[in-house]
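Protein chains: 4
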Amino acid sequence: MIIIFKDSARPEQIQKLCADFEAQGLQIHNSEGEHTHLIGLVGDTGDVDINYVRAQQFVADVKRVSEPYKKANLKFHPEPTVVETAGRKIGGGHFAVMAGPCSVECEAQIIEVARDVQQSGAAFLRGGAFKPRTSPYSFQGMRAEGLELLREARSATGLPIVTEIMNTEHIPLFEDVDVIQVGARNMQNFELLKELGHLDKPILLKRGLANTLEEFLMSAEYIMAGGNEKVILCERGIRTFETSMRNTLDISAVPMLKSKTHLPVVIDPSHAAGIAWMVEPLALAAIAAGADGLMIEVHNDPPHAKSDGAQSLTPAQFDALMARVRSTAAFFGKSM
Amino acid sequence: MIIIFKDSARPEQIQKLCADFEAQGLQIHNSEGEHTHLIGLVGDTGDVDINYVRAQQFVADVKRVSEPYKKANLKFHPEPTVVETAGRKIGGGHFAVMAGPCSVECEAQIIEVARDVQQSGAAFLRGGAFKPRTSPYSFQGMRAEGLELLREARSATGLPIVTEIMNTEHIPLFEDVDVIQVGARNMQNFELLKELGHLDKPILLKRGLANTLEEFLMSAEYIMAGGNEKVILCERGIRTFETSMRNTLDISAVPMLKSKTHLPVVIDPSHAAGIAWMVEPLALAAIAAGADGLMIEVHNDPPHAKSDGAQSLTPAQFDALMARVRSTAAFFGKSM
Amino acid sequence: MIIIFKDSARPEQIQKLCADFEAQGLQIHNSEGEHTHLIGLVGDTGDVDINYVRAQQFVADVKRVSEPYKKANLKFHPEPTVVETAGRKIGGGHFAVMAGPCSVECEAQIIEVARDVQQSGAAFLRGGAFKPRTSPYSFQGMRAEGLELLREARSATGLPIVTEIMNTEHIPLFEDVDVIQVGARNMQNFELLKELGHLDKPILLKRGLANTLEEFLMSAEYIMAGGNEKVILCERGIRTFETSMRNTLDISAVPMLKSKTHLPVVIDPSHAAGIAWMVEPLALAAIAAGADGLMIEVHNDPPHAKSDGAQSLTPAQFDALMARVRSTAAFFGKSM
Amino acid sequence: MIIIFKDSARPEQIQKLCADFEAQGLQIHNSEGEHTHLIGLVGDTGDVDINYVRAQQFVADVKRVSEPYKKANLKFHPEPTVVETAGRKIGGGHFAVMAGPCSVECEAQIIEVARDVQQSGAAFLRGGAFKPRTSPYSFQGMRAEGLELLREARSATGLPIVTEIMNTEHIPLFEDVDVIQVGARNMQNFELLKELGHLDKPILLKRGLANTLEEFLMSAEYIMAGGNEKVILCERGIRTFETSMRNTLDISAVPMLKSKTHLPVVIDPSHAAGIAWMVEPLALAAIAAGADGLMIEVHNDPPHAKSDGAQSLTPAQFDALMARVRSTAAFFGKSM
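Residue numbers (this note's numbering), protein chains in the order written: chain A, 1 to 336; chain B, 337 to 672; chain C, 673 to 1008; chain D, 1009 to 1344.
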């Protein structure tokens, strides 16, 4: 951590601050110039509150030199993490596709879609039981009943299931879920993240609509700090000024995250643009950029989907997509 | 709702869709031109899923004409809502200041600050017991104990208390809190909003960092749809490309919200910029723009605050600010 | 164009407006419901000023149904445009790479880099003679002398040259340039665009940092409206809240632009992230998403480049990249 | 400037870099810790290209400590600049309003509006002769003829005139203009800024839609570096994700700019929201935040304005606004 002092800082103010740091076991490196006086703090600065320092009236600026995340940091864990569940692997060269409807709507629907996506080569069945909707008047999901139907679809197909949690109180209901998803709107629901950190189960963490990659990794760190290191990161589009698409896919997040963390990174091209015909080019771009997997919405009858119909593929469209995904993943050296 | 068809739409496709709408009790107004065929849906379109329509392959675009919020809508409730609690009023010409530390840190601190802000003219004591922090390694708040200390500060001063909730499981702990705050990161924690809708207690709802005003009003609608119409809206800065301040205060949100809703609107200038010396100009601008109140961070010792010290005023600075706030509010015709 | 009236609109106001439109040769389709009264305008609404209509006090909203661009519109020109110059083609299945230094610095440098990128398979030499720099104290380019050196490099290698123009007064200097580039900061320098519309020469138009795709196409339309239809669109990253990269590459712009226009679309991965090691994954993603070409910065000595050294590849790195670009373009069915 | 090295940096690499800096007359302060090795550069680092340093493969990060602008910097010019022309002053406690139509449309219109705004207390007449329009098919302004009509309006009223320039070639036409405006889209048209730096005439520089305050000040620096220090900064709304208004007024820019520069800062509430009824609350907020002036669009017949009718006030509305502006400016201690 580097601390830059104002020209008006008095020597005794700086000395007192430095004494505080030394009492915390930190070393001070002093650098004093004609116009600039700064110090570097050396040692474990994880406990230093950057706001504490910034609030000192004689401090001009504070800059953190090391990343604030530890368990998620590639520096301290140079091997890529492979998340494995029910025999499926993601990360470290293993590529997987998670597919299914936005919402679980009824038994027939989820079982039909599950069979379809399995035959096309999906490794996981996704489906929403608890649905975060902007409007209180929209369909809110089948909730506990939806989880039951997902388990039935798993029995019918063998596909492990991925589904979203919205509240710590629902954790017991998710005991038998294979991968728990944290949605974009809950990326900084820290109470939820802390509780998920106590589970021994993969967590698919979606990036918030306006969260930086550092904040994204800090939310992963919340889960990992509790002991659960099976975190899968999912980029699903960020909010920008552009209006022709629902969100802007941040494709650069794939290589940038991979330069910072060992965790697997998947892309959700369905939510990124919110438009079914854009799923294919974005999915292929994700593979080319180095993603470890895809999450794709598939519905047996998109025009009648209870949510997100505009971005859902039909099973036939998904089947055609998977042919291209398989050859593209192979071209880029991934195994599926 | 207006639905615009593609040039390639076949008459029988349009007829089938129209028949579906008529079966839902909606009226169809047809408008067919050389290059454009569209229909207007008349009636209660609140139940029509705009995604259902958009996902039809023969539909080019769908535009909503009426606002999706009802209880929060000024159209159906033209009188401004005055939220009243413990004898303090916000809205409809009543201006109130909520002040106190970011975090409750100990008994001495919260009682000292409470007394100070009361003497300076604050109407409410704010203070965080449950703290959403970006890092799992930062101070997470005193939690239940912090709530207890807030109640003590209330006993000592008579100031009603405002404090943040992060989880539905904590609701019982907040029974005796005067105003429950929902933070920016939880603005779309819909499970939490739904539960707060069943309380009979004012909710201070903060706008999310990247949420539109329509989404903000839809989150208020979640609370109101459950029966709790005592919602106070709080703008606290949005996330933009600008880097010299933590967030960008959206001052225009004040008049724009007031043109759309009857709910009171307060501004948090402390979080907006994240810089103590900017609180005064932003607070005065908020009053000039028509805000109904302010939420301001005050700490007895900002450099040693456990959170947000960089943006906290000292009690003396707050006292000076309040003198300007009082005269400015009076100038703009508000009563305090 | 659809015009939605306020509830308070008086019949005679609406009649007068409609009479105005009919006098302009437009047809009116009326649609009147219980809560919503709207009209659709049919005919060539290109001349109707949407602000004129919006400013009427009895108008609630106006929505454009058709795109405001004509010559750039895929609807009226369904075949992809192939821009051809000096025997090199871009668009319609033809893929081309433009490479070279950010700035032309001296004869030896530009000729060395030109030879290197030619041997690696670049189709065009890029290089800046006039440089837009944020600071007046930074290197501003070699200007006219730089153009002369680019011509020498073209003589030495046969590579056509692409270079940026910043001012209408410089147009005579660019007579012998093969492709004129308009930089992101000048995307809405309309006086410049108009003049370029009178040339018979390909224009590479870069998207502004915060311009929507519709605005981007309108800037292309400015050039095309003057008669010059040889426009190449270049996405080079947009400005968002993310801080770990200089800009955010909007990869979705590729398929979205291709759904709206017949013009070729190239990607500049060097400027998008501003980081040399990210060029490769972003370049491959661009090909996978359907781009028609790439613009890449290459410098013989990046650490000593006078501008943009941080994002420049060495000739050896570029050579390795081109091997991957060639095989990837072939995999995705493009010819180079 | 602080340079942080990678763990993998070799001593001889660092030594060589330091030798280069010392050869430029800079002093090096070395700070070496267990996990962090950094140096601070002391002296005039204005000539050091931060990209040069960042591109070194053994450099982890570079941070600038001092601002890159000098002439615009408050540090080196602690007294506020008062821009004076034709007896009107802006800055240093002097508040001025610039008003008039978006576009000059005809003699009768501009003279009528000029007389109206003069009577209401405007200090300057604004009006566009050269108009930057998104569409090539929209009205492009009366150009040279519009400038002539502005001069007539000045003769008729005595009001100095403010009007926008779009191209260096037009500078001779602006010789007799009192204040030359640079529009948001040209804020980084550096060739134009350089030429304006050679004039002895106030320049009203508008902030670009997606430019940071530092970039804004660097554009002012371009003008000042040429010798023209009469720059007025104008904030007119930035581009964000919010869709209910055209732009988001960055009110915090007023105090933030005033903490960094001595130049006057005015606000354009008409363009900020693009909505006539929002002009008043935003204008009052601007005064409260400390602005030195306002730029406001007034049209004798907004519904028939050739541009920006939706945001123009009628002369009667402007007259009512000015009454509030005068009393508010007085309340906040400004003289008009």
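Glycine residues also receive a C-beta, built at the ideal position from the N, C-alpha and C atoms.
Span separating the alpha-carbon of A/S103 from that of C/E952: 37 Å
Rounded C-alpha distance that separates C/T912 from C/T920: 7 Å
Nearest-angstrom beta carbon gap, A/P269 and A/L282 [assumed within contact, 8 Å]: 4 Å
Range of the contiguous beta strand (DSSP E) that encloses C/M770: A768 to G772
Contacts that D/T1248 makes with chain A (C-beta to C-beta distance below 7 Å): F241
Chain-ordered chain B contacts of C/K665 [CB-CB under 7 Å]: Because chain C in this structure spans residues 673 to 1008, residue 665 of chain C falls outside the shown range and cannot be described.
Proximal chain E residues relative to B/G645, where beta-carbon distance stays under 7 Å: Looking for chain E here will not work: the only protein chains present are A, B, C and D.
Cα-Cα separation between B/G477 and B/H506, rounded to whole angstroms: 14 Å
For B/E500, the first and last residue of its enclosing beta strand (DSSP E): I497 to I501
Helix, strand or coil at C/T933 [DSSP, three-state]: strand
Closer than 9 Å to chain C by CB, D/D1327: no
Residue of A/V298, A/N300, A/S259 and A/H304 minimising C-alpha distance to A/A291: A/S259
Buried/exposed call for D/F1084, threshold 16 Cβ in 10 Å: exposed
Rounded Cβ spacing between B/E484 and D/S1252 (contact assumed at less than 8 Å): With 8 Å as the limit, B/E484 and D/S1252 do not qualify as a contact, their Cβ atoms being about 42 Å apart.
Contact with chain A by C/E886, beta-carbon distance below 9 Å: yes
B/G382 burial status per 10 Å Cβ neighbour count (16 or more: buried): exposed
Per-residue contacts from B/G626 into chain D (C-beta, under 9 Å): P1289, L1292 and A1293
Chain B contact for D/D1069 (CB, 9 Å cutoff): no
N-terminal and C-terminal residue of the alpha helix (DSSP H) that A/V325 is part of: P315 to F331
A/A310 beta carbon less than 9 Å from that of A/P302: yes
Residue-chain proximity (D/N1194, chain C), Cβ-Cβ < 9 Å: yes
Chain C contact for B/E488 (CB, 9 Å cutoff): no
Neighbour-count burial assignment, A/D178, 16 or more Cβ in a 10 Å radius: buried
Contacts that A/G40 makes with chain D (C-beta to C-beta distance below 8 Å): S1039, G1041, T1044 and L1046
Best match in C/A948, C/P927 and C/H943 for proximity to A/A285 [C-alpha to C-alpha]: C/P927
Candidates A/L41, A/G293 and A/D20: closest to A/I4 by CA position: A/L41
Secondary structure, alpha helix (DSSP H): runs of 4+ residues fully inside the region 233-287 of chain A: 253-260 and 269-273
Contact the region 1069-1086 of chain D vs the region 1015-1030 of chain D: 3+ CB pairs below 8 Å: no
C/A795 classed as buried or exposed, judged by whether at least 16 other C-beta atoms fall within 10 angstroms: buried
Span of the beta strand (DSSP E) around B/S439: Unbroken run through B/S439: none, as it is neither H nor E.
DSSP-derived helix/strand/coil call for A/A129: coil
Reference A/A320; option with closest CA among A/N30, A/M1, A/Y69 and A/G121: A/G121
Buried or exposed (CB count within 10 angstroms, at least 16 for buried), D/G1235: exposed
The region 442-451 of chain B in contact with the region 510-525 of chain B per 3-pair CB rule at 8 Å: no
Cβ-based burial, B/Q351 [other Cβ within 10 Å; buried from 16]: exposed
Member of A/V117, A/L192, A/R236 and A/F332 whose CA lies at the smallest distance from the CA of A/A273: A/R236
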